[in-house]
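One structure is given here, and the rest of the page talks about it.
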Amino acid sequence: NWTTHSVVEEQVAAIRAQVGTKRAICGLSGGVDSAVAAALVQKAIGDQLTCVYVDHGLMRKGESEQVEKDFVAATGVQLKVVEAEERFLNALAGVSEPEQKRKIIGREFIRVFEQAQAELVAEAGAEGEEVAFLVQGTLYPDIVESGGGTGTANIKSHHNVGGLPDDIEFELVEPLRQLFKDEVRMVGTELGLPDEIVHRQPFPGPGLGIRIVGEVTKERLDLLRDADAIAREELTAAGLDREIWQCPVVLLADVRSVGVQGDGRTYGHPIVLRPVSSEDAMTADWTRMPYDVLARISTRITNEVADVNRVVLDVTSKPPGTIEWE
Ligand code: XMP
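Here full-length UniProt numbering = 1-based position in the sequence shown + 202.
Written as structure tokens, this is what we have:
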């Protein structure tokens, strides 16, 4: 597609002109926008860009590997991975209330990310280089919604990182600001990113932390990851990925029900499937998906995931239900 090709050429030139010989940082979330923005900037300025990925331990099976291996392989980007699972789990211990979970995850994320950022700034400074740019995957609809402003991001650095100014000022690089989502996907493909990244369905920032109804623990996350991986596998095998907007898989960790399996009684947790059809996530309808696919998912989850003895289907539209359970 030569139009996509020219968008890439144009943006690469613009990024080079903007950044010059200085350095840039980009946070990766695992989502499409940050991945495509980073790939574009990498194409333009190569090793002057460093990406930061905070692994909060709340991602689905294989998603961190997708960023850490597949994305790096496809782009050759320099990546700083911050393993923060333990920190997030400690902060979430004992917390069940959804808004509180969201706040904790958001707060920890910003702290970890800013610390990584400050370290990179300090390292570059030691080499006599300056990190002056922050890459963001802002799309055209984001700009329209927020009234069109752009400029600089003022990031408070951590006081425990020695020798840094209190405020690090970054100029923003937003190479996707003229594009819509479908165009971003086309650019991603043009840049050689794998389909699993380019056509990823929406996934909330707080990750599986808000798909466990109840306290978030490592054991529960592992269980949910297994169930979610089975659902995704079967949906993909049935060719439903583009038809379904997204399908949250939710663990009702505080609920138990009686079942029978093999030679005995079980007392396990239910898993909820929440397939929805939507245009923009503002409203949604539950997806009337084929019964045989639901049956395969149900059979596999109850057979393969210990402690899950029941699979239920959420048949609520939005409104009144939200897409996520928390
Ligand atoms: P709800 O549950 O409000 O979700 O119907 C609407 C869409 O937003 C996603 N979502 C989030 N995305 N951070 C995000 O980046 C969040 O905290 C968050 N909460 C919900 C959700 O997956 C759906 O696509």
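All C-beta atoms in this analysis are idealised placements derived from N, C-alpha and C, irrespective of residue type, glycine included. Source: prediction; values computed, not measured.
*asked:* To the nearest angstrom, how far is the alpha carbon of Trp-488 from that of Thr-438?
replied: Along the sequence shown, one-based indexing puts residue 488 at 286. Along the sequence shown, one-based indexing puts residue 438 at 236. Each residue's Cα considered, the two are about 18 Å apart.
*Lys-520 lies in the alpha helix (DSSP H); which residues open and close that run?*
Counted from its first residue, the sequence shown places residue 520 at position 318. No alpha helix (DSSP H) holds Lys-520; DSSP gives it neither H nor E.
_Through-space distance from Arg-313 to Gln-220, alpha-carbon basis_ = Counting from 1 along the sequence shown, the entry for residue 220 is found at position 18. Counting from 1 along the sequence shown, the entry for residue 313 is found at position 111. About 28 Å.
*Around the C-beta of Thr-485, are 16 or more other C-beta atoms found within 10 angstroms, so that it is buried, or is it exposed?*
Here residue 485 corresponds to residue number 283 of the sequence shown, with the count starting at 1. Thr-485 comes out exposed.
*Determine the direct distance from the alpha carbon of Lys-520 to that of Val-451, and round the result to whole angstroms.*
Stepping through the sequence shown from its first residue, residue 451 is reached at position 249. Stepping through the sequence shown from its first residue, residue 520 is reached at position 318. For Val-451 and Lys-520, the distance between alpha carbons rounds to 16 Å.
*Can you name, in chain order, every residue of its own chain whose Cβ lies under 8 Å from the Cβ of Glu-398, other than the five neighbours on each side?*
For the purposes of this step, residue 398 is taken as the residue at position 196 of the sequence shown. If we look at Glu-398 and ignore the five residues flanking it on each side, its Cβ neighbours are Gln-268 and Asp-272.
_Distance check for Arg-512 and Glu-208, CA to CA, integer angstroms please._
To locate residue 208, count along the sequence shown from 1; it is residue 6. To locate residue 512, count along the sequence shown from 1; it is residue 310. Reading off the sequence, residue 208 comes out as Ser, not Glu. The alpha-carbon atoms of Ser-208 and Arg-512 are separated by roughly 51 Å.
*Determine the DSSP secondary structure at Gly-222, reduced to helix, strand or coil.*
The residue given as residue 222 occupies position 20 in the sequence shown. The answer is coil: DSSP assigns Gly-222 none of H, G, I, E or B.
*Any chance the CB of Lys-305 is under 7 Å from a heavy atom of ligand 1?*
Position 103 of the sequence shown holds residue 305. No, the Cβ of Lys-305 stays beyond 7 Å of every heavy atom of ligand 1.
*Thinking just about the alpha-carbon of each residue, which of Lys-263, Val-256 and Arg-413 is nearest to the one in Gly-299?*
As a working mapping, residue 299 is identified with position 97 in the sequence shown. Sequence inspection shows Glu at residue 299; the Gly mentioned does not correspond to that position. Nearest of Lys-263, Val-256 and Arg-413 to Glu-299, Cα basis: Arg-413.
*Hey, how far is the Cα of Tyr-255 from the Cα of Thr-223?*
To locate residue 255, count along the sequence shown from 1; it is residue 53. To locate residue 223, count along the sequence shown from 1; it is residue 21. Using only the alpha carbons, I get a separation of about 23 Å.
*Starting from Gln-338, follow its DSSP beta bridges and name the residues at the other end.*
Residue numbering aside, residue 338 sits at position 136 when the sequence shown is read from its first letter. According to DSSP, Gln-338 bridges with nothing at all.
*asked:* Quick check: the region 441–456 against the region 334–347, are at least 3 beta-carbon pairs closer than 8 Å?
replied: no
_Beta-ladder partner(s) of Val-254, from DSSP_ = Here residue 254 refers to the residue found at position 52 when the sequence shown is read from its first residue. Val-254 pairs with Gly-229 and Lys-282.
*Note down, in chain order, each residue of its chain lying with its Cβ closer than 7 Å to the Cβ of Pro-404, except the 5 sequence neighbours on either side.*
The residue you call residue 404 lines up with position 202 of the sequence shown. Closer than 7 Å at the Cβ level, and outside the excluded window around Pro-404, lie Gln-448 and Ala-483.
*Any residues whose CB sits closer than 7 Å to a heavy atom of ligand 1? List them in chain order?*
Arg-304, Pro-404, Phe-405, Pro-406, Gly-407, Pro-408, Ile-412, Gln-448, Pro-450, Ala-483, Ala-486, Lys-520, Thr-524, Ile-525 and Glu-526
*Nearest-angstrom Cα separation, counted from Cys-228 out to Gly-339*: Position 137 of the sequence shown, counted from the first residue, corresponds to residue 339. Position 26 of the sequence shown, counted from the first residue, corresponds to residue 228. Each residue's Cα considered, the two are about 9 Å apart.
*Own chain, CB closer than 8 Å to Lys-303, minus 5 neighbours either side, in chain order*: Indexing the sequence shown from 1 puts residue 303 at position 101. Excluding residues within five positions, the ones whose Cβ falls inside 8 Å are Leu-294, Val-297, Pro-408, Gly-411, Ile-412, Val-418 and Glu-528.
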